[in-house]
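Written below as structure tokens is the structure these notes are about.
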Amino acid sequence: ITEMQFNKNSLLKSWNIYQYELHEFGKKISKIPDIWIINGALAIRFDLKELIFPTENKGLEFLPILVGGQNWLIVNCMNATDSYSREESVLYSGPEGQVFMIIHLVITDVLIEQKEVFVLEGSNRATLFMFPSIVERITKLKLNGISFREIGLLKS
Numbered sequence: 002i003t004e005m006q007f008n009k010n011s012l013l014k015s016w017n018i019y020q021y022e023l024h025e026f027g028k029k030i031s032k033i034p035d036i037w038i039i040n041g042a043l044a045i046r047f048d049l050k051e052l053i054f055p056t057e058n059k060g061l062e063f064l065p066i067l068v069g070g071q072n073w074l075i076v077n078c079m080n081a082t083d084s085y086s087r088e089e090s091v092l093y094s095g096p097e098g099q100v101f102m103i104i105h106l107v108i109t110d111v112l113i114e115q116k117e118v119f120v121l122e123g124s125n126r127a128t129l130f131m132f133p134s135i136v137e138r139i140t141k142l143k144l145n146g147i148s149f150r151e152i153g154l155l156k157s
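When you line the sequence shown up against the working numbering, it's residues 2 to 157, in that order.
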């Protein structure tokens, strides 16, 4: 139930340190990745926090978890925008209008770039968007467990 709240609300006050085990097709993974997405939230090794997020990031919570007995963090992203071009974007919505799949996104909120990581307001918030600055830091570190694809642009 807690995982259903990632990227929506602050979880810091009620957070417990949870133990995660990684499985692939019914078997435990022998090599734990450096970084991965867990139910729409970014999970990183504890020692990578300052390298990936070298400056203060308002709107992000770093929640402690254990992965294979090691200290990790889940990044709960509360940065959200609803400023995007519906005409130029390609997204799929449910009957109530909630976005559940994003193919291409044209953001018109120029201030969101300062956040580096954000979610789309009015979506299920399971998709994290990252600006090139953070993608470059992660790529330079040669971390395994996550890949990126360009699906949008910032339009001023």
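Glycine residues also receive a C-beta, built at the ideal position from the N, C-alpha and C atoms.
Among the residues of its own chain, which have a CB less than 8 angstroms from the CB of residue i, if the five just before and after it don't count?
{"i": "residue 9", "result": "79 and 126"}
For residue i versus residue j, is the C-beta spacing smaller than 8 angstroms?
{"i": "residue 74", "j": "residue 64", "result": "yes"}
{"i": "residue 153", "j": "residue 108", "result": "yes"}
{"i": "residue 44", "j": "residue 77", "result": "no"}
{"i": "residue 36", "j": "residue 23", "result": "no"}
Do you know how far the Cα of residue j is from the Cα of residue i?
{"i": "residue 83", "j": "residue 131", "result": "15 angstroms"}
{"i": "residue 91", "j": "residue 104", "result": "5 angstroms"}
{"i": "residue 72", "j": "residue 86", "result": "40 angstroms"}
{"i": "residue 113", "j": "residue 33", "result": "32 angstroms"}
{"i": "residue 89", "j": "residue 106", "result": "7 angstroms"}
{"i": "residue 57", "j": "residue 139", "result": "17 angstroms"}
{"i": "residue 120", "j": "residue 134", "result": "16 angstroms"}
For residue i, count neighbouring Cβ atoms within 10 angstroms of its own Cβ and tell me buried if that reaches 16, exposed if not.
{"i": "residue 149", "result": "exposed"}
{"i": "residue 53", "result": "buried"}
{"i": "residue 124", "result": "buried"}
Can you list, in chain order, the residues of its chain with a C-beta nearer than 7 angstroms to that of residue i? Leave out the 5 residues immediately preceding and following it.
{"i": "residue 122", "result": "81, 82 and 83"}
Excluding the 5 residues preceding and the 5 following residue i in the sequence, name in chain order all residues of the same chain whose CB lies nearer than 6 angstroms to its CB.
{"i": "residue 157", "result": "111"}
In chain order, what are the residue ranges of uninterrupted alpha helix (DSSP H) at least 4 long that sit wholly in the segment 22 to 107?
Within the segment 22 to 107, the complete alpha helix (DSSP H) runs of at least 4 residues are 50 to 53.
Fully enclosed by the segment 115 to 143, which beta strand (DSSP E) runs are 3 residues long or longer?
118 to 121, all fully within the segment 115 to 143.
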